[in-house]
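In the numbering used here, the protein residues as written are 209 to 637.
Right, one structure below, let's go through it.
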Amino acid sequence: MTPTSIRMARENTKIIVAHARRHHLYHTAAAYAREGWLGGFVTEVFVGNTRPLRFIESLGVPWLSPAAMRLRGYSSPELNSYVKLYPSGSLQSVAFKLLGSRPRFSAIPWLEAVANECEQADACHMCCGQAISTFERLQGSGKLLILEQITGHRRLGTELLSEEYSLFGREVLTHSGFSEAIVARNDAELALADVVVAGSSFVRGTLIDMGIAPDKIILAQYGADTSLFSRRTPPLRRKPHEPLEIAFVGNDFVRKGLRYLVAAIERMPPGTMNLNVFGNGDRHGSLFNTQHQSVRFHGSLPRASLIERLEKCHVAVLPSIWEGSAYATLETMSLMLPGIFTPNTGSVVTDGVDGFIVAIRDPAAIADRLTLLLEDDLRLAMGAEALSTARRHTWTAYGESLLTGLREMASVGSCLPSSLAHPFASKQV
């Protein structure tokens, strides 16, 4: 094959990425764009880096700045020319227009717009929970259907969270976003998908446990933006009798195991540790509450303020019951905070090197590791290793893992339609 024909094969392969308001999908689309494979980035929220929006974000108002960030959707200059913006309402369309975006004024639902765009491309990359209607419509069309599985298999998640919510006297089916219908939809999406992208080894393992063929799964570990999450000053040794400052970052306190971290703090001598909770709690109501004097709730903060607060902490703990690959793990590691995580967080920690791995629902193990981290030499050494790990797991590395996985599948013809195997494999020729 000549270089010209290789280039044309790559140019003729176009993938639609449906945003679904997931931050990492910007990096998915960016990876495809770098290869010349991106046909469009279909989204409900995208405003360029405009002056009005920059002003709103710069105000630093706790409720307004995060809202502006969500409206902008982490827009990326390299994706501007690929954006296909379908706002979910007419008022939103007007707002985007005023802020300098170019929305498509369309009365059709967003998911129908995604399906329409995918019909004009070679492949469609969508998140679980939103892909079923598009995948059913494209089934048998020869389009490559790529499913991003952002959590572990939902059937296993339902079992674990049912147990967890029962401790609060609540039903998981009404209080965690899980239901039999959602689980069945995820099963159907997984069956229809040609390729399943898993954001962590934990997710991949749950999929295999539930019968998904390993050769259908691409492991593309989610990453961290180490240019944003970086320290301005190196971590310092604690002063005599200064408490260990612990960071917990997450918005669903029940699912992320906050109760077990608090139980661990309660095992420690008074005054030795402070727990700083960043996030808005359980998204279905105040199921978790504590008046412990060492626990401080900071709420949801703009990113700059969050980083500033995290820099004053010494360690990060996220004892999640159920995740996919929690962004907070690598982001806190980027700030040189050694972490204590469960396997279910989907982290890349090597136990005892750049952090610790403990079983879910084990406050005694958390307390034991926190006691070890009272030793400054160990904490600082592990923090340096944590930064090194984070630098190896960037969003660019995530994109490269995704592309490599597609090429490897194409090289053996596994899962890929014959019409697409050739273009995806072309870089290996």
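Glycine residues also receive a C-beta, built at the ideal position from the N, C-alpha and C atoms.
These numbers were taken from a predicted model, which means no experiment stands behind them.
Asked, Found
"Short of 6 Å in beta carbon distance, which residues of its chain neighbour Ala524, apart from the five on each side in sequence? Order them along the chain.", "Ala455, Thr540, Leu545 and Gly547"
"Please list, in chain order, all residues of the same chain as Ala589 whose beta carbon is under 8 Å from its beta carbon, the five residues on each side excluded.", "none"
"Three or more C-beta pairs under 8 Å: does that hold for the region 433 to 451 against the region 550 to 560?", "no"
"Return helix, strand or coil for Lys292, following the three-state DSSP convention.", "strand"
"List the DSSP bridge partners of Leu355.", "Met334 and Val404"
"Report yes if the C-beta distance between Glu286 and Ala238 is below 7 Å; otherwise report no.", "yes"
"The alpha helix (DSSP H) with Val639 in it runs from where to where?", "Nothing in the structure corresponds to residue 639, since the chain is present only between 209 and 637."
"What are the start and end residues of the beta strand (DSSP E) that includes Leu526?", "Val523 to Leu526"
"Hey, out of Val391, Leu543, Leu353 and Phe461, whose CA is closest to Thr366's CA?", "Val391"
"Please report the residue range of the alpha helix (DSSP H) in which His235 lies.", "His232 to Glu243"
"Can you tell me whether Met617 is buried or exposed? The criterion is at least 16 other CB atoms within 10 Å of its CB, across all chains shown.", "buried"
"Cutting at 7 Å between CB atoms, please list the residues of its own chain near Cys521, excluding the five before and the five after it.", "Glu453, Ile454, Ala455, Asn484 and Leu545"
"From Ser370 to Pro442, what does the alpha carbon distance come to, in whole angstroms?", "42 Å"
"Assuming Ser533 and Tyr373 are in contact, meaning their beta carbons sit under 8 Å apart, how far apart are those beta carbons, in whole angstroms?", "No, Ser533 and Tyr373 are not in contact; Cβ-Cβ is about 22 Å, not under 8 Å."
"So what does DSSP say about Met544, is it helix, strand or coil?", "coil"
"Mapping the DSSP letters down to three states, classify Glu519 as helix, strand or coil.", "coil"
"Quick check on Ser408: buried or exposed, where buried means 16 or more other Cβ atoms within 10 Å of its Cβ?", "buried"
"Is the Cβ-Cβ distance between Arg599 and Thr434 less than 7 Å?", "yes"
"Pairs of beta-carbons, one from the region 316 to 324 and one from the region 338 to 357, closer than 8 Å: are there three or more?", "yes"
"If we ignore side chains and look at the alpha-carbon of each, how far apart do Ala536 and Val457 end up?", "6 Å"
"What distance in whole Å lies between the Cβ atoms of Ala472 and Ala184, which are believed to be in contact at a cut-off of 8 Å?", "With the chain covering only 209 through 637, there is no way to say anything about residue 184."
"Verify whether the separation of the beta carbon atoms of Leu346 and Asp402 is less than 7 Å.", "no"
"Which ranges would you report for the alpha helix (DSSP H) in the region 545 to 582 if only whole runs of at least 4 residues count?", "571 to 580"
"Put Ala432 into one of helix, strand or coil per three-state DSSP.", "strand"
"How is Ala226 classed by DSSP in three states: helix, strand or coil?", "strand"
"Would Pro527 be called buried (16 or more neighbouring beta carbons within 10 Å of its own) or exposed?", "buried"
"Measure the alpha-carbon distance for Val291 versus Tyr468 and round it to whole angstroms.", "42 Å"
"Helix or strand or just coil, what does DSSP make of Arg491?", "Caution is warranted here: a pLDDT of 48 is assigned to Arg491, below 50, making its placement in the model unreliable, and the coordinate value is therefore given only provisionally. In this structure, Arg491 counts as coil in the three-state DSSP scheme."
"Using CA atoms only, rank isn't needed, just tell me which of Leu543, Met334 and Gly360 is closest to Ile354.", "Met334"
"Would you identify the three-state DSSP class for Ala618, choosing helix, strand or coil?", "helix"
"Would DSSP call Asn484 helix, strand or coil?", "strand"
"Measuring straight from C-alpha to C-alpha, what distance separates Arg242 and Leu293?", "21 Å"
"Roughly how many angstroms lie between the CA atoms of Tyr234 and Arg475, to the nearest whole one?", "42 Å"
"Using the C-alpha atoms, what's the distance from Gly247 back to His227?", "13 Å"
"Could you work out which residue in Ile224, Asp423, Phe564 and Ser502 is closest to Pro477 when comparing CA atoms only?", "Ser502"
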